[in-house]
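Visitor: In the numbering used here, the protein residues as written are 184 to 394. The C-beta atom is built at its ideal place from N, Cα and C for all residues, glycine as well.
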């Protein structure tokens with residue numbers, strides 16, 4: 184009966200819950216967050232973010248500065264282009280004016296050439312340079328006719344010549360008038376001065392375009 188009692192006494196509760204609870208408490212203590220470490224890590228992250236943002240602002244300022252310089256460059260370039268266009272327009276106007284003046288000079292030269300040719304032709308047809316030569320020839324013919332015996336045919340020829348000489352007399356005056364006109368005519372000196380001034384002004388504008 185004692186042996187049976189021992190056997191009956193063996194099966195008793197095995198677990199020790201007190202120790203398990205202590206272990207769980209230890210785990211909870213290890214897993215509890217460290218607030219200071221968390222705040223330090225967060226501050227470090229924020230510092231890095233702030234650094235990136237500062238660098239971004241710096242790059243933005245540099246881009247803006249370079250963009251502003253580029254805008255200034257294009258603005259200045261546009262100003263130069265406008266000035267060049269203005270110079271070119273003024274040169275074009277001066278070139279047109281110069282062409283008109285050159286045409287005027289050409290017309291004057293042609294007019295003088297035509298007048299000279301007409302004068303030479305008239306001189307050749309008159310055959311005398313002044314009225315006194317014509318008067319001398321008329322007197323010579325009349326003297327011959329009055330002092331010499333001439334045939335009727337010769338007399339008619341003399342009379343015809345006298346008539347022609349009298350017609351030529353006013354033509355001699357015309358020759359003299361044409362000679363005076365040619366000598367005192369406007370040779371375009373004022374136009375030449377204008378061309379000189381135009382050339383100087385165009386040179387200034389061309390120098391301005393090269394600068």
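By a C-beta neighbour count over all protein chains shown, 10 Å radius and 16 as the cutoff for buried, is residue 351 buried or exposed?
Guide: With 16 or more other Cβ atoms within 10 Å, it is buried.
Visitor: Using a Cβ-Cβ distance under 7 Å, would residue 327 count as near chain C?
Guide: As a matter of chain content, chain C is missing from the structure shown, which is built from one protein chain.
Visitor: Quick check on the burial criterion: 16 or more other C-beta atoms within 10 angstroms. Buried or exposed for residue 342?
Guide: Residue 342 is exposed by the Cβ-count criterion.
Visitor: Identify, in the order they occur along the chain, each residue of the same chain with its Cβ nearer than 8 Å to the Cβ of residue 306, setting aside the five sequence neighbours on each side.
Guide: 312 and 358.
Visitor: Flag this pair as yes or no: are the beta carbons of residue 348 and residue 317 separated by less than 7 Å?
Guide: Cβ distance < 7 Å, so residue 348 and residue 317 count as in contact.
Visitor: If we call anything under 7 Å between Cβ atoms a contact, is residue 381 one with residue 281?
Guide: Going by C-beta atoms, residue 381 is nearer than 7 Å to residue 281.
Visitor: Determine, using beta carbons only, whether residue 354 and residue 309 come nearer to each other than 7 Å.
Guide: In contact: residue 354 and residue 309 (Cβ atoms closer than 7 Å).
Visitor: Could you tell me whether the Cβ atoms of residue 284 and residue 321 are closer together than 7 Å?
Guide: No, the pair does not count as a contact, with Cβ atoms beyond the cut-off.
Visitor: When you compare only the Cα positions, how much space is there between residue 372 and residue 323?
Guide: Cα to Cα, residue 372 sits roughly 47 Å from residue 323.
Visitor: DSSP on residue 333, reduced to helix/strand/coil?
Guide: Here residue 333 sits in coil by DSSP.
Visitor: Quick one: grab the DSSP three-state call for residue 213.
Guide: Summary for residue 213: the model assigns pLDDT 49, below 50, so the residue's position carries little reliability, and this model does not support an answer.
Visitor: Helix, strand or coil: which one does DSSP assign to residue 313?
Guide: Correct three-state label for residue 313: coil.
Visitor: Does DSSP put residue 369 in a helix, a strand or coil?
Guide: Three-state DSSP puts residue 369 in coil, outside helix and strand.
Visitor: Quick one: what's got a C-beta closer than 8 Å to residue 259's C-beta in the same chain, skipping five residues either side?
Guide: Nothing listed; no residue qualifies.
Visitor: Cβ of residue 270 within 7 Å of Cβ of residue 388?
Guide: It is a contact, given that the beta carbons lie within the stated cut-off.
Visitor: DSSP state of residue 268, grouped into three classes?
Guide: Of the three classes helix, strand and coil, the one that applies to residue 268 here is helix, per DSSP.
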